[in-house]
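Data block below; observations after.
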Amino acid sequence: MNDQITQAVETLVAAVPDPARGLPDDIFYYISRTTPFINVDLLIQDERGRTLLAWRDDIHSGTGWHIPGGIIRFKETIASRIQQVALSEIGTPVEYDPEPLALNEMIHHDRDLRGHFISLLYRCRLDSAFIPKNAGLTPMDAGYLKWHEACPANMIAYHDVYRAYIRQP
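Everything in the sequence shown is counted per my numbering, starting at 28 for the first residue and increasing by one.
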């Protein structure tokens with residue numbers, strides 16, 4: 028059995044020579060069934076107290092508004108992941124507080140795939156003049172961005188832990 032495991036590991040190493048660049052889906056999903064992931068979530072607010080949220084609609088998270096976030100890659104700094112999430116999800120860098128606002132362990136007992144996260148919430152700032160780039164998207168398309176004056180009722184379920192950080196209606 029050890030020879031088979033050694034051979035399997037060698038195959039994986041050959042298939043992913045630079046894990047910092049990301050993993051093929053099959054490998055990512057296997058790892059997500061065997062170990063917790065650490066991710067950063069970006070609580071992006073402007074000077075008026077509005078919160079920038081993105082619409083999500085996928086098999087892993089369900090449908091609703093969510094705080095932009097992303098899994099830290101191998102040998103990637105937290106600072107780098109924060110800015111990569113900002114660039115990929117909202118199209119611009121953000122200012123952020125260096126200390127996390129909250130740390131949450133999110134365990135999804137109903138599934139193994141992507142079932143355990145350690146989430147670091149960072150307070151981020153954007154100027155209120157920022158206009159989300161939603162060209163070609165409708166409000167119900169994944170990735171649609173919107174400033175919210177108050178916490179929407181239809182947040183994705185596992186982001187309910189963040190309601191306390193968003194102005195209430």
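Cβ atoms here follow ideal geometry from the backbone N, Cα and C, with glycine treated the same way.
Per DSSP, what kind of secondary structure is residue i in: helix, strand or coil?
i: Tyr189; result: helix
i: Asp85; result: strand
i: Ala41; result: helix
i: Ile145; result: strand
i: Leu172; result: strand
i: Asp73; result: coil
i: Leu114; result: helix
i: Ala129; result: strand
i: Val36; result: helix
i: Asp30; result: helix
i: Arg60; result: coil
i: Arg194; result: coil
Is it buried or exposed, residue i, if we count other Cβ atoms within 10 angstroms and call 16 or more buried?
i: Thr78; result: buried
i: Ile117; result: buried
i: Tyr189; result: buried
Going by CA-CA distance only, name the one from the options that's closest to residue i.
i: Glu126; options: Arg150, Tyr185, Phe101; result: Arg150
i: Met167; options: Ala81, Ile99, Leu39, Ala47; result: Ala81
i: His175; options: Asp154, Arg194, Pro95; result: Arg194
i: Ser155; options: Val121, Met182, Ala169, Met133; result: Val121
Measure the alpha-carbon distance for residue i versus residue j and round it to whole angstroms.
i: Tyr123; j: Tyr171; result: 22 Å
i: Ala47; j: Phe101; result: 5 Å
i: Gln72; j: Asp139; result: 33 Å
i: Ala184; j: His135; result: 11 Å
i: Thr104; j: Arg60; result: 23 Å
i: Trp92; j: Arg83; result: 6 Å
i: Leu130; j: Ala113; result: 19 Å
i: Ala42; j: Ala35; result: 11 Å
- Query: Are the region 64-76 and the region 138-156 touching by the rule of at least three beta carbon pairs closer than 8 Å?
  - Reply: yes
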